[in-house]
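Comments concern the structure below.
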Amino acid sequence: QVESLTNQEEVELRSKIQALGLEVTKVPSKSTQNLDEMEIAKQMDKLSEKLDDVDRMISSAVAADPQVGSLLSSTADLWMPVITAGSEERRNLNASVEDDVEVKGKNSQ
Numbered sequence: 003q004v005e006s007l008t009n010q011e012e013v014e015l016r017s018k019i020q021a022l023g024l025e026v027t028k029v030p031s032k033s034t035q036n037l038d039e040m041e042i043a044k045q046m047d048k049l050s051e052k053l054d055d056v057d058r059m060i061s062s063a064v065a066a067d068p069q070v071g072s073l074l075s076s077t078a079d080l081w082m083p084v085i086t087a088g089s090e091e092r093r094n095l096n097a098s099v100e101d102d103v104e105v106k107g108k109n110s111q
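Just so you know, the sequence shown maps onto residues 3 to 111 in our numbering.
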């Protein structure tokens, strides 16, 4: 949408959106061991850092181009469910994204 309005390819915006998409669709690996409170706290800190990075990416993109904010708002119904999903929902979303990629890849050949 932004590209069609500006008639310019938004390479940086695309890469940030792709990075965000990859980050929010990651499914944590199943742990074979029980985590103690300290390990859980460390994992939570790592996740918080990742969320802070995503927040900085989004904020810088919105600051650089106000249309990015508009685009994010108008597409929130697509990406918000991914961010707010539980682990089982993420697995299902990730599987459906992989299926879509396979179908698009076959259609382009």
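C-beta: ideal position from N, C-alpha, C; glycine also.
Rounded Cβ spacing between residue i and residue j (contact assumed at less than 8 angstroms)
i   : j   : result
V70 : L15 : 6 angstroms
Distance, residue j Cα to residue i Cα
i   : j   : result
K18 : M40 : 32 angstroms
I42 : T86 : 20 angstroms
L7  : V13 : 15 angstroms
V26 : V84 : 6 angstroms
W81 : A97 : 15 angstroms
Q20 : L49 : 18 angstroms
K52 : L24 : 12 angstroms
D67 : E90 : 35 angstroms
E11 : D54 : 27 angstroms
M46 : G88 : 15 angstroms
D38 : D79 : 36 angstroms
Bounding residues of the alpha helix (DSSP H) (the contiguous stretch that carries residue i)
i   : result
K18 : 13 to 27
T86 : 78 to 86
Q47 : Here the sequence assigns Asp to residue 47, which means Gln is not the residue at that position. Unbroken alpha helix (DSSP H) run through D47: 39 to 66.
Pair within 9 angstroms by beta-carbon distance, residue i and residue j
i   : j   : result
R92 : K28 : yes
I60 : L73 : no
L22 : V56 : yes
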